[in-house]
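Novice:
In my numbering, the protein residues as written are 844 to 1057.
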């Protein structure tokens, strides 16, 4: 299990999945990170989706990875329901990413545990996350920026908590995250086109994005 304990996030970077503004705000935050961290388009963008389908509370990352791969094979995605990235193979996967991609810009996606009031919130933060903290696992910090989703409460019997987390909640948050990543990625790609200012024209509505696969 690669859950980490969630700290109190900046309100501007944390939105509840039921908030109608959640998707556009998360998408905008991801887009901004991509532009700021890869202004010259020289870095490979890698989506590292951490977790396992052996526990419903920890399958958020693999669901996001699976959805991204189903939308476009062009994405550099590590971690899916078929090939999860978890505590056992995380270090090896990081080594593979660094050996395969040029100065990779890694967006890490993982579930997290937090206090009761934070359940259902999706957080976007600069810098890496340290998977496994909530389960006392010593794993490396990973990611240039990361997205976490608070799926359940921390503090007591975390393994059992993960096993008893509602899949509906996890799936709903995973859907918002994958749509945000997908839309932000192609809006970022559009800024390569001559005459477009980053973040200005060329940003397509979600419906157009989701219809433009491949």
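Each residue gets a CB set at the ideal place from its N, CA and C atoms; glycine is no exception.
Owing to the predicted nature of the structure, the values given are computational and were not obtained by experimental measurement.
(1) Should residue 909 go down as buried or exposed, given a rule of 16 or more other Cβ atoms within 10 Å for buried?
(2) Residue 988 bridges to which residues according to DSSP?
(3) Does the segment 1018-1027 touch the segment 864-878, meaning 3 or more C-beta pairs lie closer than 8 Å?
(4) Counting C-beta neighbours from all protein chains within 10 Å, is the total for residue 981 16 or more, i.e. buried, or is it exposed?
(5) Is the CB of residue 1002 under 8 Å away from at least one CB in chain C?
(6) Based on Cα-Cα distance, which residue from 918, 953 and 945 lies nearest to residue 933?
(7) Could you give the residue range of the beta strand (DSSP E) that holds residue 857?
(8) Would you tell me roughly how many angstroms separate the C-alpha atoms of residue 998 and residue 896, rounded to the nearest one?
(9) At which residues does the beta strand (DSSP E) containing residue 889 begin and terminate?
Specialist: The structure says:
(1) Stepping through the chain shown from its first residue, residue 909 is reached at position 66. Buried is the call here.
(2) The sequence position of residue 988 within the chain shown is 145, counting from 1. Answer by DSSP bridge pairing, in chain order: 950 and 969.
(3) yes
(4) Within the chain shown, numbered from 1, the residue matching residue 981 stands at position 138. So residue 981 counts as exposed.
(5) The displayed structure is made up of one protein chain only, and chain C is not part of it.
(6) Here residue 933 refers to the residue found at position 90 of the chain shown. Selected option, being the one with the closest Cα: 953.
(7) Here residue 857 corresponds to residue number 14 of the chain shown, with the count starting at 1. Here the beta strand (DSSP E) through residue 857 covers 857-859.
(8) Here the question's residue 998 lines up with position 155 in the chain shown. Here the question's residue 896 lines up with position 53 in the chain shown. Approximately 22 Å, taken between the alpha carbons.
(9) Here residue 889 refers to the residue found at position 46 of the chain shown. Taken as a continuous stretch (DSSP letters only), the beta strand (DSSP E) holding residue 889 covers 888-892.
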